[in-house]
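Here the sequence shown is numbered in my numbering, starting from 2 and rising by one per residue.
Note that beta-carbon positions come from the ideal geometry of N, C-alpha and C, so glycine has one too.
These numbers were taken from a predicted model, which means no experiment stands behind them.
I have placed the structure first, in the form of C-alpha cells, so that the comments after it can refer back to it.
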Amino acid sequence: MAQPIDIVSLYPKDMNIYGDTGNVLTIERRLTLYGYAPRIHMVNQRDPWPGRVDIILGGGGQDTGQKKIIDDLYARADTLRALAADGVPMLMICGLYQLFGEYFETVDGARLDGIGIIGAYTVGRDARMIGNLVEHSDEFGTIIGYENHSGQTFLRDGVRPFGTVDHDGMGNNGEDHTEGARVHNVIGTYMHGSLLPKNPAVSDFLIRTAVERRYGTFAPGGTPTQRDELTRIDTVAQHARDVAQV
Ligand code: GLN
C-alpha cells in the first residue's frame, strides 16, 4: 500500500491566479510517480482543517481576493504558525506570501496585517512589477517564473531570500535584487507561472521534507514507466529553464 501524504491547497477559490493551481497538480503527480499516495484537501474559507497536514500550498490573488480571505486566515494563524515552526513545508505565492509577512499596505491605502510567519512587509505602489522572473539560489539552482504584483516587499534583517534576481525581473521590490523568502521550511515567492512544473528541485524539496517528516526517510519507489515519465517531465522543465536564461 502506498503511503499517504496529505496536502492542503489553501484558498484555491480566491487565491489561484496565473496558473498557481499547477503547483498542486505537480506535487500530486510527482508524489504518485515516486510511489506515494497524495491526498489533496482544498481549504477555502470556513472549511474544516484536515487532521493531518504534510504540505501546504497557497497561491496569489488580487488585492480584493486577499481582503476576502484575510479574516479566515487570521482564524487559522495559530495553526499555520505552529505547523511552520514544526517544519511543515509550505509554498506561498505572491498574495499569500505577502500575507504570511507582517503587513501589506495596498496601493489604495488599506492595511492588511499579515500572520507574521515571514519577517517581511509589503507596500503597494502604482507601477506594477510584471514580467518574466529568473533567479538563482545555492539551494535550488536557477529558478524561473513570472511575476505580477503591485506590492514591494522588504525583508527584515537576517531573513534569507528564496533567490537572487540577477538576470530578468524585479523580485521582492525592484531595488535590492532579493526575491521571496525562506523561513523554516516555508518558501514565500512572487513566482507564478506555475512555479513547480518548471522547477522540479523546488517540488522535490517540498516532497522530500514532507515525506521525511512523516515517515523518517524518503524512499521513492515507482515503476520503470513512472520513472521514465519523471525523466521526461524533468527534461521539459530543464528546457524551460535553459531558454529563460538566454
Ligand atoms: N495583490 C497583490 C499585489 O498586487 C498580489 C498579486 C499577486 O498575487 N499576483 O501585489
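Taking C-beta atoms as the reference points, N45 and P5 fail to come closer than 8 Å. Relative to T218, the option among P225, R209, T107, I118 whose CA is nearest is R209.
Listed in chain order, the beta strand (DSSP E) elements of length 3 or more contained wholly in the stretch 171–207 are 182–184, 187–190. Secondary structure in the stretch 71–143: the alpha helix (DSSP H) runs of 4 residues or longer, each lying completely within the stretch, are 95–101 in chain order. Residue pairing for M43: DSSP places it in a beta bridge opposite S10. Of the residues assessed, I131 falls on the exposed side of the cut-off, its CB having fewer than 16 other CB atoms within 10 angstroms.
G194 has its alpha-carbon roughly 24 Å from the corresponding atom of I118.
Taking a C-beta distance under 8 Å as the contact criterion, E106 and V89 do not qualify as a contact pair.
Secondary structure at G217: coil, using DSSP grouped into helix, strand and coil.
For G146, the pairing in a beta bridge is given by DSSP as L134. A direct Cα-to-Cα measurement between Q153 and P225 gives close to 46 Å.
By the C-beta density criterion, A121 is buried, having at least 16 other C-beta atoms within 10 angstroms. With a cutoff of 8 Å on beta-carbon distance, N200 and I116 are scored as not near each other. Nearest neighbour of A128 by Cα position, chosen from V247, D109, F163, turns out to be D109. Cβ atoms of E180 and N186 stay farther apart than 8 Å, at about 18 Å. Its Cα nearest to that of S151, the residue Q63 stands out among Q63, G52, D7. Under the three-state reduction of DSSP, T224 is assigned to coil, being neither helix nor strand.
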